[in-house]
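Numbering of the sequence shown is given in the numbering used here, commencing with residue 41 and proceeding in unit increments.
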Amino acid sequence: MKTSAVLRILLVLATVGQFLWTAMASSYCKEMGSSTYRPHSVTVTEFGAVGDGVTLNTKAFQNAIFYLHSFADKGGAQLFVPAGKWLTGSFSLISHLTLSLDEDAVIIGSKDPADWPIIDPLPSYGRGRELPGARHQSLIHGSNLTDVIITGEHTLRMKFVPRLSINESGNGTVNGQGSVWWDWFRNNTLDYTRPHLIELMYSTGVVISNLTFTDSPFWAIHPVYCSQVLIQNVTILAPSDSPNTDGIDPDSSNNVCIEDCYINTGDDLIVIKSGWDEYGIAFAHPSSNISIRHIVGAAHSGAGIAIGSEMSGGISNVQVDGISLFDSLYGIRIKTSPGRGGYVKYIHISNVVMSSVKTAIGITGQYGEHPDDNYDPNTLPTIDMITIEDIVGTDINVAGFLQGIQGANFSNICLSNVDLSVNSKSPWNCSYIEGFSNSVSPESCEALKNPYQASLCYTTEHLEHCNLVQIL
């Protein structure tokens, strides 16, 4: 039996060289799904779980997953979470497993930090993101896995209209009870870096779909060192003032599809990363071949679509299309700093609608934040071949704040068909950048007034076709 049927169709790149990503990304994403049949299934209540919102069910989840391990080579298995409120600490998944939530099931993270084990820092970060040393394990965790599905029972039907309520019926929920963690962060009383709701490491064939995630202590969904990842039809919610509550953070991962999501949080909605300063450079695991489509949301203290600032392993071949943003600090943002090294290149962002956004396009080469004092400030990042086109915005404070690095200008920044209704009398602020523009309103800064040259800009014509093969 084909145990990896969840990824019946995956991307196998047929070309090499600088243009690796595929014009068939949308087809590739559509073919990935969460309908894999698992011949073996158990319910968490069979292992003593009680869905009263009070009983701690960590052992029940752990024991159920341990039992299902014996079916990994027999077509895999499903752990079903029925309706109820299931309080738990961190638990780890296994390969060839579906974690399936009833539409009225809520997995609730414990407020006791002792229920979130301490694990080693990521090698590409060298320490916890917030504090030196180790970090808390995510609520739902996994490492070195293959063919893993985390899903709700039904599909969320999205309505891509800003400010309209989103129908969340049909979704199970994962609630991190993050407010206690946010208070510890604000009061500087954390002992270790805060946990994610989901973190999967070194894993292949991952699907996360049809779920609602609320009040994550830190970044909500963090696939790191992963490949062949689909995140689809998820809702991610956190208060507008909640610190560092990114929605989805693909990190040093490749062949990632993120689509049809509603995200409303206190930080970036989707942010691509690849390691931090000298640790990311040494680990050398880039993020590449990433497709982001049909996203709606508000990034109250962050950006709708962001790259960095941790990008030392390199980020390339990113395709973003069909984004609707409102009530956000930034629309699109690239963040880096001297000492990062690495690169951000071959980025194509199109069809973005913004309203009530303070800065529509932000690129900064002076973001700061370093893991320690061992970084080399002369190790400069390369930012090249960034195309942003077909952008419409209303009630925008600043069109663009584009700040490169002296001595290492950011190059081939291309803007096309950008129409922004801007409140500021100084709509553009640009330094140490080079590029081109076409049909930009308000008129772009001097550094980008060169006539648009498709040969020097990353366009859809550069996107290569790929071969699609069936996983055995």
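Backbone N, C-alpha and C fix where the C-beta goes; we use that ideal spot for every residue, glycine too.
When only Cα atoms are considered, Thr233 and Arg175 end up about 5 Å apart. Secondary structure note for Phe101: its alpha helix (DSSP H) is the uninterrupted segment 98-108. In the structure shown, Glu474 falls within a strand segment according to DSSP collapsed to helix, strand and coil. Cβ-Cβ distances below 6 Å link Gly444 to Gly405, Phe450, Tyr472, Ile473 in the same chain, with the five nearest sequence neighbours on each side left out; the list follows chain order.
Spanning the alpha carbons of Thr244 and Lys385 requires a straight line of approximately 24 Å. Straight through space, the alpha carbons of Thr275 and Lys375 are spaced by roughly 25 Å.
Contact annotation: the stretch 294-303 does not touch the stretch 165-183, with fewer than three C-beta pairs closer than 8 Å.
Here the stretch 450-464 does not lie against the stretch 409-418, with fewer than 3 beta-carbon pairs under 8 Å apart. Secondary structure at Leu496: helix, using DSSP grouped into helix, strand and coil. Tyr77 sits in coil when the DSSP states are folded into three classes, being neither helix nor strand. Going by C-alpha positions, Tyr407 is about 23 Å away from Glu486. Under DSSP, the beta-bridge partners assigned to Pro263 are Leu240. The C-beta distance from Asp255 to Gly218 rounds to 4 Å, short enough to fall under 8 Å. If you look at Ile374, you'll find it isn't in any alpha helix (DSSP H); it sits in the beta strand (DSSP E) that goes 355-375.
Judged by DSSP secondary structure, Val220 falls within the alpha helix (DSSP H) whose first and last residues are 219-226. The shortest CA-to-CA distance from Pro283 to any of Asp317, His236, Asp291 is the one to His236.
Within the model, the alpha-carbon separation for Ile134 versus Thr83 is close to 16 Å. Annotation for Glu299: the continuous beta strand (DSSP E) segment containing it runs 294-305. Nearest in C-alpha terms to His334, of all of Pro326, Phe131, Thr252, Asn273, is Asn273.
The residue from Ile248, Ser280, Gly433 with its alpha-carbon nearest to that of Ile271 is Ile248. In its chain, beyond the 5 residues on either side, Ala100, Asn103, Ala104 have a beta carbon closer than 6 Å to the beta carbon of Phe87. If you draw a straight line from the Cα of Ala346 to the Cα of Gly93, it comes to about 36 Å. Val121 is not a Cβ neighbour of Leu137, given a cutoff of 7 Å.
One thing to note: Asn357 has its Cβ no nearer than 7 Å to the Cβ of Asn391.
For the 7 Å CB-CB criterion, Pro467 and Ala494 do not form a contact. Taking all protein chains shown into account, His109 has fewer than 16 neighbouring C-beta atoms within 10 Å of its C-beta and is therefore exposed.
Within the same chain, and ignoring the five residues on either side of Tyr319 in sequence, the residues whose Cβ sits closer than 6 Å to its Cβ are Ser164, Tyr165, Gly166. Just measuring C-alpha positions, the residue of Ile401, Glu350, Val393 sitting nearest His410 is Glu350. Taking Trp224 as the centre and dropping the five residues before and after it, the same chain places the C-beta of Leu230 closer than 7 Å to its C-beta, in chain order. When the Cα atoms are used, Tyr265 and Ser331 turn out to be separated by approximately 17 Å. The distance from the Cβ of Ile190 to that of Ile180 is about 7 Å, consistent with a contact at the 8 Å cut-off.
If you draw a straight line from the Cα of Phe476 to the Cα of Tyr492, it is about 5 Å long. In this structure, Val393 sits away from Ile436, with a CB-CB distance that is not shorter than 7 Å.
Taken in chain order, the whole beta strand (DSSP E) runs of length 3 or more contained in the stretch 106-161 are 117-121, 124-128, 137-141, 145-149. The Cβ atoms of Ile312 and Pro290 sit closer than 7 Å to each other. With fewer than 16 other Cβ atoms inside 10 Å of its own Cβ, Arg226 counts as exposed.
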